[in-house]
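Some notes on the structure that comes next.
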Amino acid sequence: MDDCYSRIFGNAIKGILSASLDLLFPQRCAGCGQLGTIWCLKCDRELIRIENSVYLYPDISLYKSHKRHIFKSNNLSCLARSYARYAGPLVPAVLQLKYRQNRRLAAVMAGWLAQIVDYEKWRADVIIPVPLSQERLRRRGYNQIGLIASALAAEVQIPVELKALERIRDTGSQVGLDPEIRWINVWRAFRAESDPVRGKAILLLDDVMTTGATLLACCKALKEAGAGQVIGLTVAQA
Ligand SMILES: [Zn+2]
Numbered sequence: 070m071d072d073c074y075s076r077i078f079g080n081a082i083k084g085i086l087s088a089s090l091d092l093l094f095p096q097r098c099a100g101c102g103q104l105g106t107i108w109c110l111k112c113d114r115e116l117i118r119i120e121n122s123v124y125l126y127p128d129i130s131l132y133k134s135h136k137r138h139i140f141k142s143n144n145l146s147c148l149a150r151s152y153a154r155y156a157g158p159l160v161p162a163v164l165q166l167k168y169r170q171n172r173r174l175a176a177v178m179a180g181w182l183a184q185i186v187d188y189e190k191w192r193a194d195v196i197i198p199v200p201l202s203q204e205r206l207r208r209r210g211y212n213q214i215g216l217i218a219s220a221l222a223a224e225v226q227i228p229v230e231l232k233a234l235e236r237i238r239d240t241g242s243q244v245g246l247d248p249e250i251r252w253i254n255v256w257r258a259f260r261a262e263s264d265p266v267r268g269k270a271i272l273l274l275d276d277v278m279t280t281g282a283t284l285l286a287c288c289k290a291l292k293e294a295g296a297g298q299v300i301g302l303t304v305a306q307a
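Residue 70 is where the sequence shown starts when you use the working numbering, and the numbers rise one by one after that.
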């Protein structure tokens, strides 16, 4: 069989498999649960889209008792942009991706982020997702931001680098901790490898931006490893 026929045959099999999977596990909207689609028009209309980028700076007021850290990172800032507010149907969608390895949903979100990359004409050398700790990755089995990053890489033709940035401290459950302590914990939570990032423009991906501390801490680690410009891009902003 020549290449053309084997490709047509392969695509037909993929189509049949995907249709059978849809019959066995019908798609439901990740926002409202409606059958038949992974993201429905109604939920899409309810998204509160964000039009502007923001500059993130270390928040001095939050860790004023750790002045030496502030001095070290005085010049750090990171341009960041989110697609929509963390509200309405986006909340269950983001949570679903955290607990189910749903590549279709990751692809929908990657499509949103690709619109921003195209619109802003951001030229990055590499896409890097905010990593989970090794322990958390082992428990969950996948990194939901890695799923979005891989789908985005295919859309915008920028390679994804999954191993350049490492979370060396699990900051997952900081409930009840003093805000200042939380900041410091996040601040020291990441380490980057020099070789894959040196001199490169980086698109740093996360699902939700809250205070911006995680993006900034990753940005700090990447810059310390020699990275050029770092732009943070998230699906949602709390
Ligand atoms: Zn919906």
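C-beta: ideal position from N, C-alpha, C; glycine also.
Cα-Cα separation between residue i and residue j, rounded to whole angstroms
{"i": "Trp256", "j": "Arg238", "result": "10 Å"}
{"i": "Ser122", "j": "Phe259", "result": "24 Å"}
{"i": "Lys356", "j": "Leu104", "result": "In the structure as shown, the chain starts at 70 and stops at 307, and residue 356 therefore has no counterpart that could be examined."}
{"i": "Ala183", "j": "Gln226", "result": "10 Å"}
{"i": "Val186", "j": "Asp276", "result": "16 Å"}
{"i": "Leu166", "j": "Arg192", "result": "27 Å"}
{"i": "Ala286", "j": "Leu274", "result": "13 Å"}
{"i": "Leu116", "j": "Trp108", "result": "11 Å"}
{"i": "Ile62", "j": "Pro248", "result": "With the chain running from 70 to 307 in the structure shown, residue 62 is simply not present."}
{"i": "Gln213", "j": "Ala179", "result": "11 Å"}
{"i": "Arg154", "j": "Ala162", "result": "12 Å"}
{"i": "Glu120", "j": "Tyr188", "result": "11 Å"}
Three-state secondary structure (DSSP) of residue i
{"i": "Ile263", "result": "The sequence as given places Ser at residue 263; Ile does not occur at that position. Ser263: coil per DSSP, three-state reduction."}
{"i": "Arg207", "result": "helix"}
{"i": "Lys292", "result": "helix"}
{"i": "Asp187", "result": "helix"}
{"i": "Arg11", "result": "Not covered by the structure: residue 11. The range shown for the chain is 70 to 307."}
{"i": "Leu104", "result": "strand"}
For residue i, the first and last residue of its enclosing beta strand (DSSP E)
{"i": "Glu235", "result": "234 to 236"}
{"i": "Pro198", "result": "195 to 198"}
{"i": "Gly301", "result": "299 to 306"}
{"i": "Val255", "result": "Note, Val255: premise wrong, no beta strand (DSSP E); alpha helix (DSSP H) at 248 to 256."}
{"i": "Ala149", "result": "147 to 154"}
{"i": "Tyr126", "result": "No beta strand (DSSP E) contains Tyr126, which DSSP labels as neither H nor E."}
{"i": "Asp276", "result": "271 to 278"}
Limits of the unbroken alpha helix (DSSP H) element including residue i
{"i": "Ala220", "result": "213 to 225"}
{"i": "Cys112", "result": "110 to 115"}
{"i": "Leu159", "result": "159 to 168"}
Contact check, residue i vs residue j, beta carbons under 8 Å
{"i": "Ser202", "j": "Thr303", "result": "no"}
{"i": "Leu164", "j": "Ala305", "result": "no"}
{"i": "Gly268", "j": "Leu284", "result": "no"}
{"i": "Val282", "j": "Trp252", "result": "Val is not the amino acid found at residue 282; the sequence shown has Ala there. Yes, these two residues count as a Cβ contact at 8 Å."}
Exercise for review: Could you say if the region 291 to 300 and the region 246 to 266 meet the contact criterion of at least three C-beta pairs nearer than 8 Å?
Suggested key: yes
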